[in-house]
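Going by this note's numbering, the first residue of the sequence shown is number 1, and it counts up by one from there.
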Amino acid sequence: MDDKTHITVIKAPDLMEESNLSTGGHVLFAHYQQGMTDYLAIALLHHSEGVAVTDELDVTPSRHLDLGQLHLAARINVSEWQNNKQSKQYISFIKGKNGKKVSEYFRDFIGCQEGVDGPGETRTLLKAFSDFVESEDLPDETAREKTKTLVDYASSQAKLGEPMGLEELSGLIDEDRPKAFYDHIRNKDYGLSPEIPADKRTLNQFRRFTGRAEGLSISFEAHLLGDKIEYDEAAGTLIIKGLPTQLTDQLKRRN
Numbered sequence: 001m002d003d004k005t006h007i008t009v010i011k012a013p014d015l016m017e018e019s020n021l022s023t024g025g026h027v028l029f030a031h032y033q034q035g036m037t038d039y040l041a042i043a044l045l046h047h048s049e050g051v052a053v054t055d056e057l058d059v060t061p062s063r064h065l066d067l068g069q070l071h072l073a074a075r076i077n078v079s080e081w082q083n084n085k086q087s088k089q090y091i092s093f094i095k096g097k098n099g100k101k102v103s104e105y106f107r108d109f110i111g112c113q114e115g116v117d118g119p120g121e122t123r124t125l126l127k128a129f130s131d132f133v134e135s136e137d138l139p140d141e142t143a144r145e146k147t148k149t150l151v152d153y154a155s156s157q158a159k160l161g162e163p164m165g166l167e168e169l170s171g172l173i174d175e176d177r178p179k180a181f182y183d184h185i186r187n188k189d190y191g192l193s194p195e196i197p198a199d200k201r202t203l204n205q206f207r208r209f210t211g212r213a214e215g216l217s218i219s220f221e222a223h224l225l226g227d228k229i230e231y232d233e234a235a236g237t238l239i240i241k242g243l244p245t246q247l248t249d250q251l252k253r254r255n
């Protein structure tokens, strides 16, 4: 371990004693790279006593890591921290069940403050949702229903001044597969915490534009404007990129 790691490990017992949180265990530091991004994971590991069966079929005491008690952990996006001084999203925490005092102790131990970037995290969530809908290849009506569910839930939480719970949201989006969206977020590693703030202005940009006229019906999510859809106000035209396969197939068969 380097000097900085030594200093941190020495500091941990003092903080635990001050907070009356001396529960034992080990402090884990793991530096790893995913793609071109460097991360540092910090976690407080606990042990549990159990039993095991030896090759001779004897029952013997066994000590193992209790991952069910992994309530104090953080991940730091080192690359983001070093290269984007304005970012408030380079660190994320596991929200444990040990209460606010334990979380404060752990932040003191790391030596950080938990910043909140409501617009940024809401945009990331909406990007994750759009990717999820695309990967599921959902019918338009189903996609609209799920979009409405997300916006209604997020708006309700924002009005209450409460964060959005990703697991709760996932269950609302798909009651038959309540973990589907949550697992998508975790597997794709969007860097979102289990709870994130809801930003009203960003949510409003995610709502849909719709219109009908002379046999023409158009409906699209507001965040696609300027990306897949370009609007020329002077000419009164829309340029749509990445047409749905179902539509292009119909156009090819028109003759």
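For glycine and all other residues, C-beta sits at the position ideal for the given N, C-alpha and C. If you're wondering where the values come from, they're calculated on a predicted model, not measured in any experiment.
Local conformation of residue i per DSSP, three classes
{"i": "T210", "result": "strand"}
{"i": "Q250", "result": "helix"}
{"i": "A198", "result": "coil"}
{"i": "A41", "result": "strand"}
{"i": "Y90", "result": "coil"}
{"i": "L216", "result": "strand"}
{"i": "D176", "result": "coil"}
{"i": "E80", "result": "helix"}
{"i": "D108", "result": "helix"}
Residues that residue i bridges to, as DSSP identifies them
{"i": "P61", "result": "V51"}
{"i": "L238", "result": "Y231"}
Test item: CB-CB of residue i and residue j under 8 Å
{"i": "A180", "j": "M164", "result": "no"}
{"i": "T149", "j": "I185", "result": "no"}
{"i": "K228", "j": "G242", "result": "yes"}
{"i": "Y182", "j": "E195", "result": "no"}
{"i": "F220", "j": "V151", "result": "no"}
{"i": "T147", "j": "T202", "result": "no"}
{"i": "Q157", "j": "A198", "result": "yes"}
{"i": "L40", "j": "I76", "result": "yes"}
{"i": "D66", "j": "S48", "result": "yes"}
{"i": "Y231", "j": "L224", "result": "no"}
Bounding residues of the beta strand (DSSP E) (the contiguous stretch that carries residue i)
{"i": "A73", "result": "A73 to N77"}
{"i": "Y32", "result": "H26 to Q34"}
Cβ separation of residue i and residue j, assumed to be a contact under 8 Å, to the nearest whole Å
{"i": "F29", "j": "L72", "result": "About 13 Å separates the two Cβ atoms, so there is no contact after all."}
Residue i - containing alpha helix (DSSP H), residue span
{"i": "I173", "result": "L166 to I173"}
{"i": "A222", "result": "It is not in any alpha helix (DSSP H) - A222 carries neither H nor E in the DSSP assignment."}
{"i": "E141", "result": "D140 to L160"}
{"i": "R123", "result": "G118 to E136"}
{"i": "K85", "result": "K85 -> no alpha helix (DSSP H), and no H or E assigned at all."}
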